[in-house]
Structures are given as C-alpha cells and as structure tokens.
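Colleague:
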Amino acid sequence: MAEWHDFPVPTLMVVGGVVVGLLVALLSRLAAAVGARRRAGRAARRLRRSVEAVARERVVAPVDAVIADLGRARDAARRAAA
183 MAEWHDFPVP TLMVVGGVVV GLLVALLSRL AAAVGARRRA GRAARRLRRS
233 VEAVARERVV APVDAVIADL GRARDAARRA AA
C-alpha cells in the first residue's frame, strides 16, 4: 500500500475529502446567507412600498377627503352665519 510520510495514502485521501467537504459546506452556507439577506432586503422594500400605497389609498385619501369636506362645511356655515 502506498504511503506518504508514514501515513497510508487512502486514509489521507479520506481525511482530505472530509476536510474539503466541510470547507465547501461552510463556504456554501456563507454564500447562501448573503443571498438570503439580499432577497430579504428586497422583499422588505417591496412590502413597505405596497403597505404605503395601500395606506395612502385606504386611509390617507379618505381622511383627506373628510377634512376637505369639513373645511367646505365650515366655510358654508360661516357664510350662512354672516
């Protein structure tokens, strides 16, 4: 059996394969985490924009309309009282 510095070559290959496999797994995990953070940031921005649009449409616009109606009613009441 072949040896290298008193170690059997097949054993060294197995140990080397395990070490390389662990390194590849670690690098893959780091790369996946970076991609996940990017996707999460994009999703959060899209969600925020969507919530803002719905809030403007369903809350802010109707409240602005009621405030405008109130202003017109006050003006009409002032004219009627004068």
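So the sequence shown is residues 183 to 264, counted in the working numbering.
Glycine is no exception: its CB is placed at the ideal position from the N, C-alpha and C atoms.
1) Starting from the C-beta of M183, find all residues in its chain whose C-beta is less than 8 Å away, skip the five residues before and the five after it, and write them out in chain order.
2) In its own chain, which residues sit with a C-beta less than 6 Å from the C-beta of S232, not counting the 5 before and 5 after it?
3) The alpha helix (DSSP H) with M195 in it runs from where to where?
4) With respect to the alpha helix (DSSP H) encompassing A255, which residues constitute its N-terminal and C-terminal limits?
Modeller: Taking the coordinates as given:
1) Result list for M183: P190, V191, P192, in chain order.
2) Around S232: no qualifying Cβ.
3) Segment 191-237, the alpha helix (DSSP H) holding M195.
4) A255: member of the alpha helix (DSSP H) spanning 243-263, first to last residue.
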